[in-house]
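Novice:
In our numbering, the protein residues as written are 442 to 572.
1. For residue 566, report the span of its alpha helix (DSSP H) as first-last.
2. Provide the residue span of the alpha helix (DSSP H) that contains residue 458, from first to last.
3. How about residue 553 and residue 520: do their beta carbons lie closer than 8 Å?
4. Restricting to Cα atoms, I'd like to know which of 550, 517, 560, 547 is closest to residue 530.
5. List the residues that DSSP assigns as beta-bridge partners of residue 451.
6. Below 8 Å on the Cβ atoms is my contact criterion, and I expect residue 463 with residue 523 to pass it. Report the Cβ-Cβ distance as a whole number of Å.
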């Protein structure tokens with residue numbers, strides 16, 4: 442946990458430097474505006490956080506959190522923003538092999554469930570269930 446905390450602090454400090462948001466970092470696939478890179482990092486942490494929580498059988502919750510399916514899923518604005526932007530880019534990400542095909546969910550599914558499904562994750566997946 443100490444390593445994660447130190448890495449997160451370093452990343453936060455980097456983003457808080459003057460001019461950081463106007464920069465164009467060069468990533469493995471080329472120059473990318475800082476705002477797009479920040480979105481990618483946010484989406485990565487949000488979605489892989491769910492992956493990790495499910496893999497350790499936390500059912501997408503932080504210990505003691507009963508507020509939502511995913512802990513962070515209770516931040517509807519964050520989920521909405523990531524879902525909206527990712528939906529507009531999903532074909533390119535799939536073409537690059539980053540995400541699997543979408544998983545069907547009910548029409549009345551909440552936005553967090555639709556975001557997971559968009560990225561090829563079955564919201565019902567549990568350790569040992571395959572897939």
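Just so it is clear, CB atoms sit at the ideal spot from N, CA and C, and this is done for glycine as well.
Specialist: In this structure, then:
1. Position 125 of the chain shown, counting from 1, holds the residue named residue 566. Careful: residue 566 lies outside any alpha helix (DSSP H) and carries neither H nor E.
2. Against the chain shown, residue 458 aligns to sequence position 17. Taken as a continuous stretch (DSSP letters only), residue 458 belongs to no alpha helix (DSSP H), as it is neither H nor E.
3. Walking along the chain shown from the start, residue 553 turns up at place 112. Walking along the chain shown from the start, residue 520 turns up at place 79. Yes, the pair counts as a contact, with Cβ atoms nearer than the cut-off.
4. Working through the chain shown from its first residue, we reach residue 530 at position 89. Of the listed residues, the one whose Cα sits closest to residue 530 is 560.
5. Mapped onto the chain shown, residue 451 falls at position 10. Paired residue(s): none; residue 451 is not in a bridge.
6. Start at 1 with the first residue of the chain shown, and residue 463 comes out as number 22. Start at 1 with the first residue of the chain shown, and residue 523 comes out as number 82. Not a contact, Cβ separation roughly 22 Å.
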